[in-house]
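Chemist: The structure is given below, and queries will be raised subsequently.
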Amino acid sequence: MIWLTDKIIFPDYQFTTKDGIIALGGDLSVKRLEYAYKNGIFPWFSDDEPIVWYCPFKRMVLFPDELKVSKSMRKIINKKEFVITENIAFEEVIYNCKNIDRNDGFGTWITDDMQQAYINLHKKGIAKSIEVWLNNELVGGLYGLEINGIFCGESMFSKVSNASKIAFIHLVNNHDYKLIDCQVYNNHLASLGAREVERDLFLKMLKE
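The numbering of the sequence shown is the numbering used here, which starts it at 981 and goes up by one.
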């Protein structure tokens, strides 16, 4: 396992483990995170671990023209009960992504340091959020990074049914992204049309 130094550089992709880990250590500075995402690498770790950097062989992505919106979901959207905004409550979105109870177990990986790191990226205009409101209450949303025409999704949350789906559908339909990076497989995003592709294809599109 390769440990990072203060120098902002990552090992060659050939050193990735079968679990998708490419390196350990380093820091969560704006420069390192931006460099990592530009090279298809993202951090994912818990409080009791060193920083773990991933670049999995299979990448969960959504091609915008493959978005699946069910008839029932279209009816919910057309009712216009939800108000959708962008980048006006980033810190609230990441707070909720970090703290909301989840059945899938994902969410505990957003440590205090991770939370602050992505707030720093937002202040630099790199990290973005979509917010979903109901009766003036924030009930759902997502956040991620814009890198080379790709939105690298990090996390989403819902306090009411379908709120995170509404945020995701809005993201896809209202931006000209060539690809949405969903990182690793999950059933929620698969139901919306996301699928796994080979890492080489993802990296090629990321660097175009």
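Beta carbons: idealized from backbone N, C-alpha and C, even for Gly.
1. Threshold first: 3 residues or longer. Then list the beta strand (DSSP E) segments lying entirely within the segment 1075–1156, N to C.
2. Please state if the CB of W1033 and the CB of P1023 are separated by a distance shorter than 8 Å.
3. Alpha helix (DSSP H) containing I1057: first to last residue?
4. By alpha-carbon positions, which one of K1108, L1172 and K1158 ends up nearest to M1185?
5. Which two residues bound the contiguous beta strand (DSSP E) that contains D1161?
6. Would you decide whether Q994 is buried or exposed? Buried here means 16 or more other CB atoms lie within 10 Å of its CB.
7. Please determine, among C1035, T997 and G1005, the residue with the shortest C-alpha to C-alpha distance to K987.
8. Apart from the five residues just before and just after I1080, which ones in its own chain have a Cβ nearer than 6 Å to its Cβ?
9. Closer than 6 Å by C-beta to S1135: which residues in its own chain qualify, once you throw out the five before and the five after it? Chain order, please.
10. Please report how far the alpha carbon of K1038 lies from the alpha carbon of G1020, in whole angstroms.
11. Alpha carbon to alpha carbon, what distance is there between V1164 and I1068?
Modeler: This is what the structure gives:
1. The segment 1075–1156 is shown to contain whole beta strand (DSSP E) runs of 3 or more residues at 1107–1114, 1117–1127 and 1130–1138, in chain order.
2. Here residue 1023 is taken as the residue at index 43 of the sequence shown, counted from 1. Here residue 1033 is taken as the residue at index 53 of the sequence shown, counted from 1. Note that the C-beta distance between P1023 and W1033 is below 8 Å.
3. Here residue 1057 corresponds to residue number 77 of the sequence shown, with the count starting at 1. Unbroken alpha helix (DSSP H) run through I1057: K1051 to K1059.
4. As a working note, residue 1185 is residue 205 in the sequence shown. Among K1108, L1172 and K1158, the Cα nearest to that of M1185 is on K1158.
5. In the sequence shown, residue 1161 corresponds to position 181, counting from 1. L1159 to Q1163 is the span of the beta strand (DSSP E), which, as asked, contains D1161.
6. Here residue 994 refers to the residue found at position 14 of the sequence shown. By the neighbour-count rule (16 or more Cβ atoms within 10 Å), Q994 is not buried but exposed.
7. Your numbering for residue 987 matches position 7 in the sequence shown. Among C1035, T997 and G1005, the Cα nearest to that of K987 belongs to G1005.
8. Numbered from its first residue, the sequence shown carries residue 1080 at position 100. These residues qualify, in order along the chain: F1137.
9. Stepping through the sequence shown from its first residue, residue 1135 is reached at position 155. The beta carbon of S1135 sits closer than 6 Å to the beta carbons of C1077 from its chain, once the five residues preceding and following it are set aside; these are given in chain order.
10. Counted from its first residue, the sequence shown places residue 1038 at position 58. Counted from its first residue, the sequence shown places residue 1020 at position 40. Distance between the alpha carbons of K1038 and G1020: 12 Å.
11. Looking up residue 1068 in the sequence shown gives position 88. Looking up residue 1164 in the sequence shown gives position 184. Spanning the alpha carbons of I1068 and V1164 requires a straight line of approximately 27 Å.
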